[in-house]
Every structure is written in C-alpha cells, then in structure tokens.
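Asks: Numbering (the working numbering), first residue to last: 19 to 341. Glycine included, each C-beta is placed from N, C-alpha and C at the ideal position.
1. Does the region 147 to 164 come within contact of the region 287 to 301, defined as at least 3 CB pairs closer than 8 Å?
2. Looking at residue 108: is its Cβ nearer than 8 Å to the Cβ of residue 93?
3. Could you have a look at residue 238 and say whether DSSP puts it in helix, strand or coil?
4. Does DSSP put residue 338 in a helix, a strand or coil?
5. Grab me the residues of residue 254's own chain with a C-beta within less than 6 Å of its C-beta, minus the 5 sequence neighbours each way, in chain order.
6. Between residue 50 and residue 106, how many whole angstroms is the CB-CB distance? I'm expecting something under 8 Å.
7. What separation, rounded to the nearest whole angstrom, lies between the Cα atoms of residue 52 and residue 304?
8. Which of helix, strand or coil does DSSP assign to residue 252?
9. What runs of the beta strand (DSSP E), each 3 residues or longer, lie entirely inside the region 165 to 223?
10. Around the Cβ of residue 84, are there at least 16 other Cβ atoms within 10 angstroms (buried) or fewer (exposed)?
11. Counting along the chain, where does the beta strand (DSSP E) carrying residue 97 start and finish?
12. How many angstroms separate the CA atom of residue 18 from the CA atom of residue 144?
13. So, for residue 63: in the same chain, excluding its five sequence neighbours on each side, which residues have a beta-carbon less than 6 Å away from its beta-carbon?
14. Under the rule that 16 or more other beta-carbon atoms within 10 Å means buried, what is residue 47, buried or exposed?
15. For residue 137, which of helix, strand or coil comes out of DSSP?
16. Have a look at 126, 333, 146, 185 and flag the residue whose alpha-carbon is nearest the alpha-carbon of residue 339.
17. Please state whether DSSP places residue 82 in a helix, a strand or coil.
18. Answer yes or no: the CB of residue 312 versus the heavy atoms of the ligand SAM, is any distance below 7 Å?
19. In chain order, what residues of the same chain lie with their CB nearer than 7 Å to the CB of residue 208, ignoring the 5 residues before and after it?
20. Identify every residue that forms a DSSP beta bridge with residue 111.
Shown next, in the form of structure tokens:
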C-alpha cells in the first residue's frame, strides 16, 4: 500500500519538494502509526530543506538529505500499534513532535510510544494542538535555563512568531515581566498573550533601549550578543535560536561561562516526551493558546514553504494532510 508524501531528495529552494506516492510505513514493536490529519511547515523544515546553515549537512547528509520526508509536528489518529505498545490504542487522537526522524509531511508516520507524543489536550482540536509543539519546545529549551520567577524581566525579540509567541506565554506563566518586540500588526497580539510592553521594530530599535533585563531571548535570531549586551543586567543571560554571526553563539557560550558575569547560553534541544506533556498541561490550564496564521493543503506545500520563508508569518503555518 502507498501514501502521499512530500519528498525532498536534494537540497535547494521550496521548488525541490515533490509530492509523490511512497510505501506506507509499518510500525516496529515499540512504535505506533499515526494517520496524520495535520502537520506544519516551520523554520526547521526550511533550514533542513535548504541545508542552511551549511554545517547542518554534517548531520543531515553531506550531499543529499538523509531524511527525505520532512515535517516535525503532527496530529491525527493512531492507525496501528506494535506488539509491545502499552500506552496507546488504535483510534486514539494524538499530537506530537518528531524532531529526530521527521516524516510528518505524509499521510502516515511511525513513532516510538515513548517519544514526544500524547493524546490531545481536552481544550484543543487536532489542528490547534499542532501550534503547541515545536514553538514551545524551542522556547522552553532556552527559558528553562533562566530560572524564571516573578520579579524578573525578559525581552523577547520576535514575539509574534511560533517560538516567540510561545516564549511570551511560558514566561507569563512564571510571572515574569515581558517586553516583546514585533511588527506593527501584532502589537495587540503580543500584549494579549501576556507581554507587559510591546515594541514595534519598524519604528524603534530595541537594542537602544535604556533599560536592562535579566534575560534577552532572540526568538528569530536577528540580533547578536554584542548588540544586546548592554541590555543585560549583571548576571543576565542572552539566548538566540540561531548560531549567530559567524556561528559565534556556541563559542560565546563557552567563553562567557568562564569570563565575565553576563552569559550567553546555547542549550541544545532534546526531544523528550515530558516536554509535550508539559505543554499539554499548560494548554489545558489555559496558559498556552495556539497562534495560527494560515492553513495550506498538502498539494500546496511549496507555497507554504515560500510563505514561511517570507518571514511574515504569525505563529504557526499548518499543512492539511487530509480532510
């Protein structure tokens, strides 16, 4: 039996992605097979498809992609289970994250039962649940290193993207005072998500603020530590979701750990089920609200890629795999 899948067999622009028929995967003994209804197209997919930055090729395939089916976020129904699976049953509605093997840009996906997969939050639909996967994962990967607590102040650059909108909500959950940087149209959005202050980057350069913060989190990777250093309090922390100019952030993380009081942290994200369960809990308590921009059908995945790469999206861009 075959299924439809979006294949990326060579690196390049969105047009390299092709919709094709491939064999339906068979779950291993410890795996479940998800009949996918909705996925997303996100920055990770774009970076892996284009092999940008080039260093990613050493992990994803030097000359061509090892994983030809991208897509890390998924929701759907469990269609089949391996003989050793105990946590799920056929027919359960689930959502999750497949950052290790990807594969969500297809009609079916196999994933280990102890991976980042969970039944749907009671408060969310299958589509909405997708928007509390990768964005919160990247945000929490950084923020959990910052010892968030009431009274602390954080600046979040890129507050309306998938990662940034999640970071605002997670920081608000911990009672932090939040300053969010975004575009004009999303000023009210970031305030509604929990930001105390909102800055329009089209009219104000946040790096010139005469204020200091315990944490500066660049959720879009558009700044640098040196541009933001004066914004940090003594013992303040700078995070970025990108490697930074000349791939400096991992190196600065090592340097600042030994010298000075202001730190760059660059934690490597680890795909753990406990994260998805935490996000599900936050959603069910009303602390994590999905932010969704557009929905594309699978056969328009190239257009979805182009829109994500326009850097104009707000929150998540969904990919409808089936009706």
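Replies: Looking at the coordinates:
1. Taking 8 Å as the limit for Cβ pairs, the verdict is that the region 287 to 301 does touch the region 147 to 164.
2. What you label residue 108 is simply residue 90 of the chain shown in a count that begins at 1. What you label residue 93 is simply residue 75 of the chain shown in a count that begins at 1. Taking 8 Å as the Cβ cut-off, residue 108 and residue 93 do not qualify as a contacting pair.
3. Translated into positions along the chain shown, residue 238 becomes position 220. Coil.
4. Sequence index remark: in the chain shown, residue 338 carries index 320 (1-based). Three-state DSSP puts residue 338 in a strand.
5. For the purposes of this step, residue 254 is taken as residue 236 along the chain shown, with counting starting at 1. For residue 254, where only same-chain residues beyond five positions count, the Cβ hits under 6 Å are 232, 280.
6. Position 32 of the chain shown, counting from 1, holds the residue named residue 50. Position 88 of the chain shown, counting from 1, holds the residue named residue 106. In this structure residue 50 is in contact with residue 106, their Cβ atoms being roughly 5 Å apart against a cut-off of 8 Å.
7. The count along the chain shown starts at 1 and reaches residue 52 at position 34. The count along the chain shown starts at 1 and reaches residue 304 at position 286. Cα-Cα distance, rounded: 27 Å.
8. By 1-based counting over the chain shown, the position of residue 252 is 234. It is a strand residue.
9. 171 to 175, 195 to 200, 215 to 218
10. The sequence position of residue 84 within the chain shown is 66, counting from 1. Residue 84 comes out exposed.
11. In the chain shown, residue 97 corresponds to position 79, counting from 1. That run of the beta strand (DSSP E) goes 91 to 99.
12. Within the shown structure, residues of the chain are numbered from 19 to 341, placing residue 18 beyond reach of any answer.
13. Locating residue 63 in the chain shown gives position 45, counting from the first residue. Closer than 6 Å at Cβ, skipping near neighbours: 88.
14. As a first step, residue 47 must be located in the chain shown, where it is residue number 29. Per the 10 Å Cβ criterion, exposed.
15. As a position in the chain shown, residue 137 is number 119, starting the count at 1. Strand at residue 137.
16. The residue you call residue 339 lines up with position 321 of the chain shown. Nearest option by C-alpha distance: 126.
17. Within the chain shown, numbered from 1, the residue matching residue 82 stands at position 64. If DSSP states are grouped into helix, strand and coil, residue 82 belongs with coil.
18. The model depicted lacks the ligand SAM and carries no ligand whatsoever.
19. Reading the chain shown from its first residue, position 190 is the one you call residue 208. For residue 208, where only same-chain residues beyond five positions count, the Cβ hits under 7 Å are 177, 178, 186, 198, 200, 216.
20. The count along the chain shown starts at 1 and reaches residue 111 at position 93. Note: residue 111 sits in a beta bridge opposite 95.
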